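Structure first, commentary second.
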Amino acid sequence: MRILHLVAFLAVLVTAVVAYVFIAALREQSPLTRVQTHYRWTKEDHEIFDLVSAIESTEGKGTTFYSWLNIPSTATTNEVSKAYRRKSLQLHPDKNKGVKNAHERFARLGVVAAILRNAEKRERYDFFYKNGVPKWRGTGYYYSRFRPGIGTVLTFLVILTSGLQYLVQKMNYNRDVKRVQQIVDQARAVAWGTKGTPVEGQRKVKVNLGGGARMDDDGNVVAGRWLDLVVEGESVFILEPDGSLLPVDSDTAVAPSIKGTWFLSLVTSLVQKVGKRDGVKIDGSRTEPEGAGDESDGGSGTASDAPGSGTVTPKEGGARNGRAAATSMAGGRRRKAVAGRRK
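Going letter by letter, the sequence shown gives residues -19 to -1, 1 to 324 in mature numbering (1 follows the signal peptide of the UniProt record, and there is no 0).
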């Protein structure tokens, strides 16, 4: 558990450092910053910005020079002139007496037509038409860009690192499943012999897990690492010193889990700590003091102190009915696995 906490703390620390660097880079490379320090709008640009803002305030948000004249952005100069004449007849102050801002709208129409008729000014307007017009920010016109805050960046990094960790878990799981299947195939091949057909009863076999030479318990040099297995039909079991049998199959490998990622593991651990401190489990039930259930158990769940007989015959209940706590094999590593209670 301490190792898990250490790994989680390191992950949080790395995430915070990366978030700080990422945000600093965003602020340094922000388009808003570049506009302020490396670019100055020309007088013609400001004329276009002011005109666009005024037209949107009177004609509606999103109104462009082209939409106001009801022409496409690819219209020729002649088409612009024709559209201007049609629109000027509609907006002429003599035909809109008593209409508020009639003179201002008619004047803006003339400026719009002049800009679209001028090749250089139209090219400049088309640039802002395609890329967006900067907004007034109190001291000048600036582009508005999304700049994520610390919360957004941290959330993104947590999701990213958790996703990468889950991907690694998935890869390790697939590797362990293949390793377990190799062990099962080797055990079956040794037990079944050249015929390759299951035999009746149980057969004890040894499977080489690989690795270099090592010293056994008696000080003898043995080649590689060997694992004692029992084959019964098509099933393969690990033979434990107490005589119990633990099945070896794909379930032996630790499957990947979203809950096993560092962030959710850290949250779960903290919640469990708070629950234990308050004397309440996560599900809301009260925790019992240690030793409270000793009398009720009556010692029925204790394991025998007698040493293993060394035989391959499992204890009462068979290999399938009685599985005690034992160690399992997954990818060459031994993990503690707890089997179900004996019936």
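The beta-carbon is built from N, C-alpha and C at its ideal position, and this holds for glycine as well. Predicted model only: the values in this text are computed from it and were never measured.
Worksheet item: By DSSP, does Pro295 sit in helix, in strand, or in coil?
Response: Caution applies to Pro295, whose pLDDT of 42 falls short of 50 and renders its modelled position unreliable; the value that the coordinates give is listed next. DSSP places Pro295 in coil when its eight states are reduced to three.
Discussion item. Closer than 8 Å is the cut-off here; do at least three beta carbon pairs connect the stretch 183 to 192 with the stretch 164 to 172?
Written reply: yes
Worksheet item: What is the rounded straight-line gap between the Cα of Leu138 and the Cα of Val248?
Response: 16 Å
Discussion item. Could you give the first and the last residue of the continuous alpha helix (DSSP H) run that contains Asp31?
Written reply: 24 to 40
Worksheet item: Do you know how far the Cα of Leu90 is from the Cα of Tyr65?
Response: 7 Å
Discussion item. In this structure, how does DSSP classify Val80 when only helix, strand and coil are distinguished?
Written reply: coil
Item to complete: Might you give, ordered along the chain, the residues of its own chain that have their beta carbon closer than 7 Å to the beta carbon of Val114, omitting 5 neighbours on each side?
Response: Phe30, Val33
Worksheet item: Is it a yes or a no for the stretch 59 to 73 touching the stretch 143 to 157, going by three-plus beta-carbon pairs under 8 Å?
Response: no
Practice prompt. Run the CB neighbour count on Val229, radius 10 Å, all protein chains shown included, and call it buried at 16 or more, exposed below.
Written response: buried
Fill in: Beta-carbon contacts of Gly214 that lie in its chain and below 6 Å, excluding the five residues immediately before and after
Pro179
Practice prompt. Go ahead and pull the three-state DSSP assignment for Glu60.
Written response: helix
Worksheet item: Does the Cβ of Ile219 have 16 or more other Cβ atoms within 10 Å, making it buried, or fewer, making it exposed?
Response: buried
Worksheet item: Secondary structure at Pro228, three-state DSSP: helix, strand or coil?
Response: strand
Discussion item. Which residue marks the beginning of the beta strand (DSSP E) containing Arg103, and which one marks its end?
Written reply: From DSSP, Arg103 is part of no beta strand (DSSP E) but of the alpha helix (DSSP H) over 100 to 112.
Worksheet item: What did DSSP end up calling Leu50 once you bin it into helix, strand or coil?
Response: helix
Item to complete: Label Leu50 either buried or exposed according to how many other C-beta atoms from any shown protein chain fall within 10 Å of its C-beta, with 16 as the threshold for buried.
Response: buried
Item to complete: Taking Thr58 as the reference, give the member of Asn77, Phe87, Ala95, Thr44 with the closest Cα.
Response: Ala95
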